[in-house]
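K.L.:
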Amino acid sequence: MYVLVTGGIGYIGSHIVLELMKLDIKVIIIDNLSNSSIKVLDRIIIISNKIPLFFNIDINDENKLDWLFLNYKISTVIHLAGFKSVGDSVKNPINYYHNNIGGTITLLTVMKKYNVYDIIFSSSATVYGVTKLMPISEKCALNPINPYGKTKLYIENLLLDIFKSNIQWNVIILRYFNPVGAHKSGLIGDNPSLIPNNLMPYITQVAVKKLEKLFIYGKDYNTKDGTGIRDYIHVVDLAVGHVKALFYMQNKHICEIFNLGTGIGYSVLELVKTFEAVSGVKINFTFVDRRAGDLDIIYADSSLAREKLEFHPQFNLDDMCTDSWIFQKNNPDGYL
Ligand code: NAD
Ligand code: UD1
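Letter by letter, the sequence shown follows residues 1281 to 1616 of this note's numbering.
#1: Across the stretch 1600-1610 and the stretch 1431-1446, are there enough close Cβ pairs to call them in contact, namely three or more that are closer than 8 Å?
#2: Does any heavy atom of the ligand MG sit closer than 7 Å to the C-beta of D1511?
#3: What is the DSSP secondary structure of D1398, counted as helix, strand or coil?
#4: Going by DSSP, what residue range makes up the beta strand (DSSP E) through V1515?
#5: Quick one: Cα of N1423 to Cα of R1571, how far?
#6: Let me check you understand the geometry: is the CB of S1604 closer than 7 Å to at least one non-hydrogen atom of the ligand NAD?
#7: According to DSSP, simplified to helix, strand and coil, what is A1580?
#8: I need the straight-line Cα distance from I1381 to L1387, nearest angstrom please.
#9: With distances taken from CA atoms, which of L1298, L1348 and D1346 is nearest S1328?
#10: Is L1549 close to the ligand NAD? I mean its beta-carbon at under 7 Å from any heavy atom of the ligand.
#11: Run through the DSSP bridge pairs and tell me what P1459 is partnered with.
#12: With contact counted as at least three CB pairs below 8 Å, one residue from each stretch, are the stretch 1309-1322 and the stretch 1489-1504 in contact?
#13: Are there any heavy atoms of the ligand NAD lying less than 7 Å away from the beta-carbon of Y1456, as far as the coordinates show?
#14: In this structure, does DSSP put V1561 in helix, strand or coil?
#15: Tell me the DSSP secondary structure of S1465 in three-state form.
#16: Using only CA atoms, which one of D1346, P1476, L1479 and I1399 lies nearest to F1443?
#17: State the Cα-Cα distance for the pair G1573 and I1544, rounded to the nearest angstrom.
#18: In the DSSP assignment, the alpha helix (DSSP H) including V1366 goes from what residue to what residue?
#19: Please go through the stretch 1287-1344 and give each complete beta strand (DSSP E) segment of 3 or more residues, from N-terminal end onward.
#20: Looking only at DSSP bridge pairs, what is N1450 linked to?
#21: Taking only the alpha-carbon atoms, compute the straight-line gap between I1305 and I1483 and give it to the nearest angstrom.
#22: Touching or not, the stretch 1508-1518 and the stretch 1337-1348, by the rule of three or more beta carbon pairs under 8 Å?
#23: Taking 7 Å as the cut-off, does the CB of L1313 come closer than this to any heavy atom belonging to the ligand NAD?
#24: Here's the rule: buried if 16 or more other CB atoms are within 10 angstroms of the residue's CB, otherwise exposed. What is I1435?
#25: With DSSP as the reference, identify every bridge partner of Y1352, one or two as the case may be.
#26: Can you tell me which residues form a DSSP beta bridge with V1357?
#27: Could you name the residues of the same chain whose beta carbon sits closer than 7 Å to that of D1505, not counting the 5 residues immediately before and after it, in chain order?
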């Protein structure tokens, strides 16, 4: 039996694939490479010394998915494939609704046809929207404010509905906070194709002088130093969280939602200072206006994942900055 990882060539998926293969779990990756490079597959093979099955399949392509499920015995799907840029989703909402929601509907249709009912879905803390209640627990109100976040909430609701329709379904929804860091080999990591939207890849690109300086969005938030606070989580810890979820859901018929964060909030300036300390590189920055849609503070109540999944992140902010830096330094131009 195989675990199918959709979007498994991407930033988070590639780290999940490595954690699964470490435990000798048989993996199939599908990815249409719309936001990733096939070179990641070579690097997965170098790091693990194993060869996962890979197919260039779009999750919207029902015929190819049908072929895949017919020919391989799949026990569980870890579903990451989708678009993830907030800004792009505001400009091109149809693409986001089509790829994220449409693709998931096609995937679920084929899973049902082949009696594959176990799914772990990549959701995001962005489904919470604007809230003042910190730390945020899974029970907090949901109110995403951008099309990307709305597609995540739509899929969450779809999964809750299919579970109610047939309890053979076995569903875990993971709401990621802010994944950063990279595999300790320095061979795979976050490699945005355009100018990064997220803080950590922006900082690392300033550090290698691909970008001139960091623009810090806002210095008058109601936080300790006036800059925004987030719950950064090392991507390897996040990947391990998926393995824990996979074990937890075995022989169950559940539909459960977990935050995956560390439960600790750090400010933009704390991240910059930590990065400078571990890398020895000075980050030029300037303060600019707040970014529309940004919250002042958001960090996870991670107690549910801790108790039920035994999820205990191992890596601290130093590790996150060090590993992001090593990846960027080794790959200043990405996977070229
Ligand atoms: P990523 O873009 O690096 O990985 C997604 C992968 O999916 C890419 O390799 C892309 O080529 C592939 N893909 C996209 N559409 C596809 C399709 N129709 N068919 C097949 N493959 C397709 O992104 P990531 O950071 O690894 O994120 C993975 C998942 O986690 C996404 O669903 C994202 O929304 C979610 N998530 C990410 C973050 C984050 O900060 N990175 C935070 C919360 C949630
Ligand atoms: C963003 C997304 C969110 C997504 C998350 C993880 C927005 C509005 N939200 O959230 O949907 O789930 O990434 O992928 O895009 N910052 C700067 N300068 C920069 C970049 C960021 O000061 O160039 C600040 C931000 O204001 C924020 C912090 O750094 O305070 C983290 O930003 P970012 O990495 O974009 O993550 P989120 O804002 O949490």
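For glycine and all other residues, C-beta sits at the position ideal for the given N, C-alpha and C.
P.N.:
On the basis of the supplied data:
#1: No: fewer than three Cβ pairs fall under 8 Å.
#2: Absent from the structure shown: the ligand MG. Ligands present: the ligand NAD and the ligand UD1.
#3: DSSP places D1398 in strand when its eight states are reduced to three.
#4: Where V1515 is concerned, there is no enclosing beta strand (DSSP E), although the alpha helix (DSSP H) it sits in stretches over V1515 to Y1528.
#5: Cα to Cα, N1423 sits roughly 18 Å from R1571.
#6: Answer for S1604: no, Cβ out of range of the ligand NAD.
#7: Reduced to three states, the DSSP call for A1580 is strand.
#8: Between I1381 and L1387, the alpha-carbon positions lie close to 10 Å from each other.
#9: Considering only alpha carbons, the answer is L1298.
#10: Exclusion of L1549 from the 7 Å shell around the ligand NAD follows from its C-beta lying no nearer than that to any non-hydrogen atom of the ligand.
#11: I1513.
#12: No, because fewer than three Cβ pairs between the stretch 1309-1322 and the stretch 1489-1504 fall closer than 8 Å, the two stretches do not touch.
#13: Correct: Y1456 has its Cβ closer than 7 Å to the ligand NAD.
#14: Coil at V1561, not helix or strand.
#15: Three-state DSSP puts S1465 in coil, outside helix and strand.
#16: Comparing C-alpha distances from F1443 to each of D1346, P1476, L1479 and I1399 shows the shortest one belongs to I1399.
#17: Computed Cα separation, rounded: 21 Å.
#18: Per DSSP, V1366 belongs to the alpha helix (DSSP H) from V1366 to K1371.
#19: Runs of the beta strand (DSSP E) inside the stretch 1287-1344: 1307-1310 and 1333-1335.
#20: Answer is D1398, bridged to N1450.
#21: Near 35 Å, if we compare the C-alpha coordinates of I1483 and I1305.
#22: Judged by Cβ distances under 8 Å, the stretch 1508-1518 makes no contact with the stretch 1337-1348, as fewer than three pairs qualify.
#23: Yes, the ligand NAD has a heavy atom inside 7 Å of this Cβ.
#24: The C-beta of I1435 has 16 or more other C-beta atoms within 10 Å across all chains shown, which makes the residue buried.
#25: Under DSSP, Y1352 takes part in no beta bridge, so it has no partner.
#26: Bridge partners of V1357: L1284 and I1399.
#27: Within the same chain, D1505 has close Cβ partners S1547 and L1549.
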